[in-house]
Amino acid sequence: MSSLIEKLESIKDRWKEVSQLIVDPEIIGDMKRYVKLNKEYSDLKEIVDVYHEYSNVLDNIKSSEEILSTEKDEEFREMAKMELDDFKARKAPLEEKIKLMLIPKDPDDDKNVIVEIRAGAGGDEASIFAGDLYRMYVKYIENKGWKHEITTMNEGTAGGFKEIGFEVSGENVYGEMKYESGVHRVQRVPQTETQGRVHTSAASVAVLPEADEVDVKINPADIKKDTYRASGAGGQHVNKTESAVRLTHIPTNTVVECQDGRSQIKNYEKALKVLRSRIYEAEVLKAEAEIAAHRKTLVSTGDRSAKIRTYNYPQGRVTDHRINLTLYNLDAIINGEVGEVIEALRVAENAEKLKDGLKDDNSVG
(Lines of atoms letter the chains of each structure in order from A; the text may use other names.)
(Lines give C-alpha, C1' and ligand atoms only; values in the text may rest on other atoms or scores of the structure.)
Protein backbone atom coordinates (compact mmCIF):
# COMPACT_ATOMS: atom_id res chain seq x y z
CA MET A 31 0.00 0.00 0.00
CA SER A 32 2.93 2.33 0.66
CA SER A 33 3.78 2.18 -3.06
CA LEU A 34 0.24 3.45 -3.84
CA ILE A 35 0.69 6.36 -1.40
CA GLU A 36 4.09 7.13 -2.95
CA LYS A 37 2.53 7.24 -6.45
CA LEU A 38 -0.26 9.51 -5.20
CA GLU A 39 2.19 11.82 -3.44
CA SER A 40 4.28 12.21 -6.61
CA ILE A 41 1.08 12.98 -8.58
CA LYS A 42 0.14 15.60 -5.97
CA ASP A 43 3.62 17.16 -6.25
CA ARG A 44 3.28 17.32 -10.05
CA TRP A 45 -0.21 18.85 -9.72
CA LYS A 46 1.21 21.60 -7.46
CA GLU A 47 4.00 22.20 -9.99
CA VAL A 48 1.54 22.44 -12.92
CA SER A 49 -0.75 24.77 -10.93
CA GLN A 50 2.21 27.18 -10.67
CA LEU A 51 3.15 26.82 -14.33
CA ILE A 52 -0.31 27.71 -15.69
CA VAL A 53 -0.16 31.15 -14.06
CA ASP A 54 3.33 31.84 -15.43
CA PRO A 55 3.05 34.69 -18.03
CA GLU A 56 5.63 32.97 -20.25
CA ILE A 57 3.51 29.80 -20.37
CA ILE A 58 0.29 31.76 -20.94
CA GLY A 59 1.99 33.36 -23.97
CA ASP A 60 2.66 29.91 -25.49
CA MET A 61 -0.92 28.83 -26.30
CA LYS A 62 -0.08 25.25 -27.29
CA ARG A 63 1.85 24.57 -24.08
CA TYR A 64 -0.73 26.42 -21.98
CA VAL A 65 -3.61 24.28 -23.33
CA LYS A 66 -1.60 21.09 -22.77
CA LEU A 67 -0.72 22.05 -19.18
CA ASN A 68 -4.31 23.06 -18.45
CA LYS A 69 -5.47 19.62 -19.58
CA GLU A 70 -2.80 17.98 -17.39
CA TYR A 71 -3.87 20.13 -14.40
CA SER A 72 -7.50 19.07 -14.85
CA ASP A 73 -6.58 15.34 -15.19
CA LEU A 74 -4.28 15.42 -12.14
CA LYS A 75 -6.82 17.35 -10.04
CA GLU A 76 -9.33 14.50 -10.42
CA ILE A 77 -6.80 12.06 -8.92
CA VAL A 78 -5.66 14.50 -6.21
CA ASP A 79 -9.29 15.10 -5.09
CA VAL A 80 -9.85 11.35 -4.68
CA TYR A 81 -6.45 11.05 -2.93
CA HIS A 82 -7.53 13.73 -0.40
CA GLU A 83 -10.72 11.75 0.28
CA TYR A 84 -8.73 8.50 0.60
CA SER A 85 -6.16 10.16 2.90
CA ASN A 86 -8.97 11.45 5.11
CA VAL A 87 -10.44 7.92 5.34
CA LEU A 88 -7.02 6.48 6.33
CA ASP A 89 -6.56 9.17 9.02
CA ASN A 90 -10.01 8.44 10.45
CA ILE A 91 -9.35 4.68 10.51
CA LYS A 92 -6.10 5.32 12.39
CA SER A 93 -7.69 7.65 14.97
CA SER A 94 -10.68 5.26 15.50
CA GLU A 95 -8.27 2.37 16.09
CA GLU A 96 -6.30 4.48 18.58
CA ILE A 97 -9.50 5.31 20.50
CA LEU A 98 -10.43 1.62 20.65
CA SER A 99 -6.99 0.69 21.99
CA THR A 100 -6.96 3.33 24.76
CA GLU A 101 -10.56 4.35 25.58
CA LYS A 102 -12.36 2.65 28.50
CA ASP A 103 -15.78 4.34 28.15
CA GLU A 104 -18.08 1.78 26.46
CA GLU A 105 -20.35 4.37 24.81
CA PHE A 106 -17.35 6.16 23.35
CA ARG A 107 -15.86 2.83 22.22
CA GLU A 108 -19.13 1.88 20.49
CA MET A 109 -19.15 5.18 18.57
CA ALA A 110 -15.52 4.66 17.56
CA LYS A 111 -16.29 1.09 16.41
CA MET A 112 -19.21 2.28 14.26
CA GLU A 113 -17.02 4.96 12.70
CA LEU A 114 -14.22 2.46 12.09
CA ASP A 115 -16.60 0.07 10.29
CA ASP A 116 -17.92 2.95 8.18
CA PHE A 117 -14.46 4.18 7.14
CA LYS A 118 -13.21 0.64 6.45
CA ALA A 119 -16.20 0.08 4.16
CA ARG A 120 -15.26 3.25 2.23
CA LYS A 121 -11.56 2.36 1.97
CA ALA A 122 -11.68 -0.58 -0.50
CA PRO A 123 -13.92 1.11 -3.14
CA LEU A 124 -11.70 4.20 -3.02
CA GLU A 125 -8.61 2.04 -3.57
CA GLU A 126 -10.26 0.42 -6.61
CA LYS A 127 -11.23 3.83 -7.96
CA ILE A 128 -7.67 5.13 -7.53
CA LYS A 129 -6.16 2.06 -9.21
CA LEU A 130 -8.40 2.62 -12.24
CA MET A 131 -7.50 6.32 -12.32
CA LEU A 132 -3.79 5.41 -12.25
CA ILE A 133 -4.05 3.23 -15.38
CA PRO A 134 -1.92 5.05 -17.97
CA LYS A 135 -4.15 6.79 -20.50
CA ASP A 136 -3.61 6.29 -24.19
CA PRO A 137 -1.98 9.61 -25.21
CA ASP A 138 -4.18 9.64 -28.32
CA ASP A 139 -7.49 9.39 -26.41
CA ASP A 140 -8.06 13.15 -26.53
CA LYS A 141 -7.52 13.35 -30.28
CA ASN A 142 -10.21 13.87 -32.89
CA VAL A 143 -10.59 11.02 -35.37
CA ILE A 144 -11.02 10.14 -39.01
CA VAL A 145 -13.42 7.24 -39.53
CA GLU A 146 -13.34 5.20 -42.74
CA ILE A 147 -16.11 2.69 -43.47
CA ARG A 148 -15.71 0.35 -46.45
CA ALA A 149 -18.13 -2.24 -47.83
CA GLY A 150 -16.59 -5.73 -47.75
CA ALA A 151 -17.90 -9.12 -48.86
CA GLY A 152 -21.57 -9.18 -49.80
CA GLY A 153 -21.98 -6.97 -52.87
CA ASP A 154 -24.80 -4.39 -52.77
CA GLU A 155 -25.92 -5.58 -49.32
CA ALA A 156 -22.43 -4.80 -47.92
CA SER A 157 -22.75 -1.22 -49.24
CA ILE A 158 -26.21 -0.89 -47.68
CA PHE A 159 -24.79 -2.17 -44.35
CA ALA A 160 -21.89 0.34 -44.59
CA GLY A 161 -24.59 3.02 -44.86
CA ASP A 162 -26.34 1.62 -41.76
CA LEU A 163 -23.06 1.78 -39.80
CA TYR A 164 -22.48 5.36 -40.97
CA ARG A 165 -25.96 6.41 -39.76
CA MET A 166 -25.40 4.55 -36.46
CA TYR A 167 -22.22 6.54 -35.83
CA VAL A 168 -23.78 9.85 -36.90
CA LYS A 169 -26.57 9.39 -34.34
CA TYR A 170 -24.05 8.38 -31.67
CA ILE A 171 -21.90 11.43 -32.51
CA GLU A 172 -24.92 13.75 -32.31
CA ASN A 173 -25.95 12.27 -28.94
CA LYS A 174 -22.42 12.90 -27.62
CA GLY A 175 -22.54 16.54 -28.77
CA TRP A 176 -19.60 15.95 -31.14
CA LYS A 177 -19.34 17.23 -34.72
CA HIS A 178 -18.66 15.35 -37.94
CA GLU A 179 -17.72 16.30 -41.49
CA ILE A 180 -17.54 14.01 -44.52
CA THR A 181 -14.13 13.81 -46.23
CA THR A 182 -14.86 11.30 -48.98
CA MET A 183 -17.87 9.38 -50.27
CA ASN A 184 -18.39 6.66 -52.87
CA GLU A 185 -22.06 5.66 -53.02
CA GLY A 186 -23.27 2.11 -53.60
CA THR A 187 -25.36 1.32 -56.69
CA ALA A 188 -28.30 0.03 -54.59
CA GLY A 189 -27.88 2.48 -51.67
CA GLY A 190 -25.42 2.95 -48.84
CA PHE A 191 -21.73 3.42 -49.56
CA LYS A 192 -18.90 1.47 -51.11
CA GLU A 193 -16.76 3.75 -48.97
CA ILE A 194 -17.32 6.77 -46.75
CA GLY A 195 -14.81 8.75 -44.68
CA PHE A 196 -15.54 11.46 -42.12
CA GLU A 197 -13.83 13.51 -39.43
CA VAL A 198 -15.20 13.55 -35.88
CA SER A 199 -14.27 16.32 -33.44
CA GLY A 200 -15.13 16.70 -29.78
CA GLU A 201 -13.95 15.64 -26.33
CA ASN A 202 -12.16 12.29 -25.85
CA VAL A 203 -13.32 11.13 -29.31
CA TYR A 204 -10.54 8.61 -30.03
CA GLY A 205 -10.81 7.36 -26.43
CA GLU A 206 -14.30 6.07 -27.25
CA MET A 207 -14.38 5.54 -31.02
CA LYS A 208 -11.14 3.48 -31.13
CA TYR A 209 -13.07 0.36 -30.08
CA GLU A 210 -14.98 0.40 -33.39
CA SER A 211 -11.99 -0.48 -35.61
CA GLY A 212 -12.33 -3.86 -37.29
CA VAL A 213 -14.72 -5.92 -39.40
CA HIS A 214 -18.44 -5.61 -38.63
CA ARG A 215 -20.62 -8.45 -39.91
CA VAL A 216 -24.37 -8.41 -40.61
CA GLN A 217 -26.72 -11.39 -40.87
CA ARG A 218 -30.12 -10.59 -42.38
CA VAL A 219 -32.38 -10.99 -45.40
CA PRO A 220 -31.00 -8.42 -47.86
CA GLN A 221 -33.25 -5.77 -49.43
CA THR A 222 -31.92 -7.07 -52.75
CA GLU A 223 -32.90 -10.71 -52.01
CA THR A 224 -36.30 -11.95 -53.19
CA GLN A 225 -36.06 -15.50 -51.78
CA GLY A 226 -36.08 -14.40 -48.13
CA ARG A 227 -32.83 -16.16 -47.24
CA VAL A 228 -30.49 -14.79 -44.55
CA HIS A 229 -27.17 -13.61 -45.99
CA THR A 230 -23.95 -12.64 -44.26
CA SER A 231 -22.23 -9.43 -45.40
CA ALA A 232 -19.44 -7.32 -43.93
CA ALA A 233 -18.04 -3.82 -43.75
CA SER A 234 -14.73 -2.69 -42.26
CA VAL A 235 -14.34 0.30 -39.98
CA ALA A 236 -11.03 2.09 -39.42
CA VAL A 237 -10.78 4.76 -36.71
CA LEU A 238 -7.63 6.84 -37.12
CA PRO A 239 -6.43 9.28 -34.44
CA GLU A 240 -6.14 12.63 -36.19
CA ALA A 241 -2.47 13.49 -36.46
CA ASP A 242 -1.18 17.04 -36.62
CA GLU A 243 2.12 18.28 -38.01
CA VAL A 244 3.84 17.73 -34.66
CA ASP A 245 2.95 14.00 -34.78
CA VAL A 246 3.96 13.35 -38.39
CA LYS A 247 6.37 15.27 -40.59
CA ILE A 248 5.71 14.73 -44.29
CA ASN A 249 8.15 15.99 -46.89
CA PRO A 250 6.06 17.71 -49.63
CA ALA A 251 8.49 16.26 -52.20
CA ASP A 252 7.30 12.76 -51.15
CA ILE A 253 3.70 13.50 -52.17
CA LYS A 254 2.32 12.97 -55.67
CA LYS A 255 -0.84 15.00 -56.27
CA ASP A 256 -3.49 14.19 -58.89
CA THR A 257 -6.74 16.03 -59.51
CA TYR A 258 -9.89 14.74 -61.19
CA ARG A 259 -13.60 15.44 -61.47
CA ALA A 260 -15.70 14.27 -58.55
CA SER A 261 -18.83 12.25 -59.27
CA GLY A 262 -21.40 10.31 -57.31
CA ALA A 263 -23.10 6.99 -58.00
CA GLY A 264 -24.81 6.71 -61.38
CA GLY A 265 -23.31 9.99 -62.56
CA GLN A 266 -25.02 12.06 -59.87
CA HIS A 267 -23.42 15.24 -58.48
CA VAL A 268 -20.97 15.39 -61.38
CA ASN A 269 -18.51 18.18 -60.80
CA LYS A 270 -17.58 20.24 -63.83
CA THR A 271 -14.19 21.22 -62.36
CA GLU A 272 -11.30 19.05 -61.25
CA SER A 273 -11.89 19.64 -57.52
CA ALA A 274 -11.29 16.03 -56.36
CA VAL A 275 -7.78 15.32 -55.07
CA ARG A 276 -5.74 12.12 -54.90
CA LEU A 277 -2.53 12.15 -52.86
CA THR A 278 0.07 9.37 -52.98
CA HIS A 279 2.75 9.23 -50.29
CA ILE A 280 5.57 7.68 -52.29
CA PRO A 281 7.72 6.22 -49.43
CA THR A 282 4.78 4.27 -47.92
CA ASN A 283 2.63 3.97 -51.08
CA THR A 284 -0.32 5.35 -49.07
CA VAL A 285 -3.09 6.69 -51.33
CA VAL A 286 -5.79 9.09 -50.14
CA GLU A 287 -8.67 10.51 -52.18
CA CYS A 288 -10.91 13.39 -51.18
CA GLN A 289 -13.78 14.67 -53.32
CA ASP A 290 -16.45 15.91 -50.95
CA GLY A 291 -15.55 19.59 -50.85
CA ARG A 292 -16.38 21.87 -53.78
CA SER A 293 -12.93 23.44 -53.80
CA GLN A 294 -9.67 21.76 -54.73
CA ILE A 295 -7.82 23.58 -51.92
CA LYS A 296 -10.30 22.34 -49.31
CA ASN A 297 -10.08 18.78 -50.65
CA TYR A 298 -6.28 18.97 -50.64
CA GLU A 299 -6.26 20.07 -46.97
CA LYS A 300 -8.66 17.28 -45.99
CA ALA A 301 -6.69 14.67 -47.97
CA LEU A 302 -3.43 15.80 -46.34
CA LYS A 303 -5.04 15.45 -42.90
CA VAL A 304 -6.20 11.90 -43.72
CA LEU A 305 -2.78 11.01 -45.19
CA ARG A 306 -1.01 12.24 -42.07
CA SER A 307 -3.43 10.27 -39.86
CA ARG A 308 -2.99 7.05 -41.86
CA ILE A 309 0.82 7.27 -41.62
CA TYR A 310 0.53 8.03 -37.90
CA GLU A 311 -1.88 5.12 -37.40
CA ALA A 312 0.61 2.70 -38.98
CA GLU A 313 3.09 3.69 -36.24
CA VAL A 314 0.38 3.38 -33.56
CA LEU A 315 -0.53 -0.13 -34.79
CA LYS A 316 3.09 -1.21 -34.62
CA ALA A 317 3.26 -0.12 -30.97
CA GLU A 318 -0.13 -1.70 -30.21
CA ALA A 319 0.95 -5.03 -31.71
CA GLU A 320 3.83 -5.19 -29.22
CA ILE A 321 1.43 -4.54 -26.32
CA ALA A 322 -1.09 -7.04 -27.69
CA ALA A 323 1.55 -9.77 -27.86
CA HIS A 324 1.22 -10.35 -24.10
CA ARG A 325 -2.41 -9.27 -23.62
CA LYS A 326 -5.17 -11.83 -24.09
CA THR A 327 -8.01 -9.52 -25.17
CA LEU A 328 -7.51 -7.46 -28.30
CA VAL A 329 -9.99 -4.79 -27.33
CA SER A 330 -8.75 -1.60 -28.95
CA THR A 331 -5.59 -2.98 -30.49
CA GLY A 332 -4.30 -3.53 -33.90
CA ASP A 333 -5.75 -6.16 -36.22
CA ARG A 334 -8.08 -4.20 -38.50
CA SER A 335 -8.99 -7.38 -40.40
CA ALA A 336 -10.34 -9.09 -37.27
CA LYS A 337 -14.08 -9.75 -37.08
CA ILE A 338 -15.14 -7.75 -34.03
CA ARG A 339 -18.95 -7.64 -34.06
CA THR A 340 -21.98 -9.39 -35.56
CA TYR A 341 -25.40 -7.78 -36.05
CA ASN A 342 -27.95 -10.62 -36.34
CA TYR A 343 -31.32 -9.21 -37.49
CA PRO A 344 -33.49 -12.40 -37.29
CA GLN A 345 -32.62 -12.72 -33.58
CA GLY A 346 -32.36 -8.96 -32.87
CA ARG A 347 -28.93 -9.66 -31.44
CA VAL A 348 -25.57 -7.87 -31.41
CA THR A 349 -22.48 -9.84 -30.35
CA ASP A 350 -19.07 -8.30 -29.71
CA HIS A 351 -16.64 -11.19 -30.18
CA ARG A 352 -13.72 -9.57 -28.32
CA ILE A 353 -15.40 -9.77 -24.91
CA ASN A 354 -18.15 -12.33 -25.71
CA LEU A 355 -20.83 -9.71 -25.06
CA THR A 356 -24.30 -10.41 -26.51
CA LEU A 357 -27.13 -7.87 -26.32
CA TYR A 358 -30.66 -8.32 -27.64
CA ASN A 359 -31.33 -4.67 -28.49
CA LEU A 360 -30.11 -4.50 -32.10
CA ASP A 361 -32.68 -1.84 -33.13
CA ALA A 362 -31.48 0.56 -30.40
CA ILE A 363 -27.79 -0.05 -31.16
CA ILE A 364 -28.12 0.41 -34.94
CA ASN A 365 -30.02 3.64 -34.14
CA GLY A 366 -27.02 5.10 -32.37
CA GLU A 367 -27.17 3.60 -28.86
CA VAL A 368 -23.80 1.90 -29.25
CA GLY A 369 -22.48 3.50 -26.04
CA GLU A 370 -23.33 0.44 -23.90
CA VAL A 371 -21.07 -1.75 -26.06
CA ILE A 372 -18.26 0.82 -26.07
CA GLU A 373 -18.44 1.18 -22.28
CA ALA A 374 -18.24 -2.62 -21.82
CA LEU A 375 -15.16 -2.71 -24.07
CA ARG A 376 -13.54 0.16 -22.16
CA VAL A 377 -14.14 -1.60 -18.82
CA ALA A 378 -12.71 -4.87 -20.20
CA GLU A 379 -9.61 -3.11 -21.50
CA ASN A 380 -9.07 -1.29 -18.19
CA ALA A 381 -9.38 -4.59 -16.30
CA GLU A 382 -6.75 -6.08 -18.61
CA LYS A 383 -4.44 -3.08 -18.13
CA LEU A 384 -4.97 -3.24 -14.38
CA LYS A 385 -4.01 -6.93 -14.38
CA ASP A 386 -0.87 -6.09 -16.39
CA GLY A 387 -0.06 -3.25 -13.99
CA LEU A 388 -0.40 -5.51 -10.95
CA LYS A 389 1.88 -8.09 -12.61
CA ASP A 390 4.44 -5.35 -13.30
CA ASP A 391 4.19 -4.10 -9.67
CA ASN A 392 4.67 -7.64 -8.33
CA SER A 393 7.66 -8.26 -10.57
CA VAL A 394 9.50 -5.18 -9.23
CA GLY A 395 11.94 -6.08 -6.46
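Numbers given in the numbering used here equal positions in the sequence shown, counted from 1, plus 30.
The C-beta atom is built at its ideal place from N, Cα and C for all residues, glycine as well.
Gly190 carries a coil assignment under DSSP once its states are collapsed to helix, strand and coil. Assigned with DSSP and collapsed to three states, Asn297 falls in helix. Following the DSSP letters along the chain, one finds Ile57 inside the alpha helix (DSSP H) bounded by residues Pro55 to Gly59. Between Asn249 and the set Glu206, Ser293, Ser273 and Leu305, the nearest pair of CA atoms involves Leu305. Note that the C-beta distance between Leu375 and Glu311 is not below 7 Å. Judged by their CB atoms, Lys42 and Val80 are not nearer to each other than the 7 Å cut-off. With a contact defined as Cβ atoms closer than 8 Å, Val216 and Tyr341 qualify at about 5 Å. Straight-line measurement puts the Cα of Glu193 at about 28 Å from the Cα of Ala251.
Bridge partners of Arg276 according to DSSP: Asp256 and Glu287. For Leu74, the three-state secondary structure derived from DSSP is helix. Beta-bridge annotation (DSSP): Gln217 is paired with Thr230 and Asn342.
Around the CB of Val377, fewer than 16 other CB atoms lie within 10 Å, so the residue is classed as exposed. With respect to Phe159, Ala233 sits close: the two C-beta atoms are nearer than 7 Å. Looking at Pro137, Phe191 and Glu370, the one whose alpha-carbon comes closest to that of Asn359 is Glu370. Across the set Asn86, Ala122 and Ser99, the C-alpha of Ser99 shows the shortest separation from the C-alpha of Lys111. For Asn173, the number of other beta carbons within 10 angstroms of its own is below 16, and it is reported as exposed.
Met183 is bridged by DSSP to Ile194. Lys127 carries a helical assignment under DSSP once its states are collapsed to helix, strand and coil.
When the alpha-carbon of Pro137 is set against those of Asp350, Gly212 and Lys66, the nearest one is in Lys66. In the structure shown, Glu223 falls within a coil segment according to DSSP collapsed to helix, strand and coil. For Val143, the enclosing beta strand (DSSP E) has its first and last residue at Val143 to Ala149. For Leu357, the enclosing beta strand (DSSP E) begins and ends at Leu355 to Leu357. Contact check for Lys169 against Gly366 passes: the beta carbons are separated by less than 7 Å.
Non-local C-beta neighbours of Asp361 in its own chain, meaning closer than 8 Å and more than five positions away in sequence, comprise Gly346, ordered along the chain. By alpha-carbon distance to Asp154, the top candidate from Lys118, Glu185 and Glu70 is Glu185.
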